[in-house]
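K.L.:
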Amino acid sequence: MQLRQKAREIFKKLLGGAKKDQLFASDKEYFINHINFTFGESFVKANLNTQKYFLITLASTLAVGGKIEFKTLLQGAIKNDISPIVIKEVIYQATPYVGFARVCDFLSLCNKVFKKLNIALVLTPQGTTTQENRKIKGREIQNAIFGEANITKMIETTPEDKAFINDFLSANCFGDYYTRTGLDLKTRELLTLVYLISLGGLDNQVKAHIQGNLNMGQSRENLIGIITALVPYIGYPKALNALNLLDDIKVECKQ
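In full-length UniProt numbering, the protein residues as written are 1 to 255.
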């Protein structure tokens, strides 16, 4: 079995080629299957530009906890001129969805790679809110993504003993992260969907953020492309589930 020409070319452009991967020596047959599918089929079918591919695969491998592949993709992203600020923002944006404990591990890994490549660890600050306005600014972002009527309904129907979580969402999840520069709002909402799909078992949240992405201007075709690119990294059950949830949203939108 050999690497197909198209897969070889794309893999070399994105990640430097087969001989740089340790699995090429230890598990060659498995590795060739993986590369032929991941880059010769999945990548081609997804039809994403290089930056978007790196952003969503970095987000996905972080969410599933794949440190080895994350590091490989991180090095490839830098090689392909993805900005260090953009890379860090992909990691930061994951915090409300995968938690600080996991993000801390991947942030540390990223910093080690940056240090080895002589990339500054302390980058230009991207925050835009203060402690005084983060809740208000976060609520504005929620309204922009999901619609003010939907957010108001959510808040008004939340039991009093759980009302604090709405404040947490507005101030922390959206106010502390979505308001940052370095990535635009449309990209942040797309990455959020990638984290949720990759984590699995979060159907209600995935459906909400599919709708959020559609509201932000993503098309059904674009979202299918994103899920297609994620198949090698998350497996078929999560990918098929995401595609089914996308169909559910389409049905609901027609009603």
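Think of the CB as a built atom: it goes at the ideal place given N, C-alpha and C, for glycine as much as any other residue.
#1: Identify, in the order they occur along the chain, each residue of the same chain with its Cβ nearer than 8 Å to the Cβ of ASN166, setting aside the five sequence neighbours on each side.
#2: Could you give the residue range of the alpha helix (DSSP H) that holds SER26?
#3: Using the beta-carbon count (16 or more within 10 Å), is PHE100 buried or exposed?
#4: Between LYS162 and LEU109, how many whole angstroms is the CB-CB distance? I'm expecting something under 8 Å.
#5: Assign ASN213 to buried or exposed, taking buried as 16 or more other Cβ atoms, counted over all protein chains shown, within 10 Å of its Cβ.
#6: Which residues bound the alpha helix (DSSP H) around residue 256?
#7: So, are the CB atoms of ILE226 and VAL194 less than 8 Å apart?
#8: To the nearest angstrom, how far is the alpha carbon of TYR177 from that of GLY127?
#9: To the nearest angstrom, how far is it from the Cα of THR152 to the Cα of MET1?
#10: Pull up the CB-CB distance for VAL90 and LEU55, whole angstroms please, since I reckon it's below 8 Å.
#11: If you scan the segment 16-98 from start to end, which runs of the alpha helix (DSSP H) of 4 or more residues do you find wholly inside it?
#12: In three-state DSSP terms, what is MET216?
#13: Around the Cβ of LYS254, are there at least 16 other Cβ atoms within 10 angstroms (buried) or fewer (exposed)?
P.N.:
This is what the structure holds:
#1: Contacts found: MET154, ILE155 and THR158.
#2: Per DSSP, SER26 belongs to the alpha helix (DSSP H) from 23-26.
#3: Exposed, since its Cβ has fewer than 16 Cβ neighbours within 10 Å.
#4: The C-beta separation of LYS162 from LEU109 comes to about 35 Å, leaving the pair out of contact by the 8 Å criterion.
#5: By the neighbour-count rule (16 or more Cβ atoms within 10 Å), ASN213 is buried.
#6: Here the chain comprises residues numbered 1 to 255, so residue 256 is not present and cannot be evaluated.
#7: In contact: ILE226 and VAL194 (Cβ atoms closer than 8 Å).
#8: Their Cα atoms are separated by approximately 8 Å.
#9: Between THR152 and MET1, the C-alpha separation is close to 58 Å.
#10: Going by Cβ atoms, the distance from VAL90 to LEU55 rounds to 6 Å, so yes, they are a contact pair.
#11: Counting only runs of 4 or more, we get 23-26, 28-37, 43-46, 50-64, 67-79, 84-93 and 95-98.
#12: If DSSP states are grouped into helix, strand and coil, MET216 belongs with coil.
#13: For LYS254, the pLDDT reaches just 40, beneath the cut-off of 50, and the residue's location in the model is therefore unreliable, although a value from the coordinates is still provided. Per the 10 Å Cβ criterion, exposed.
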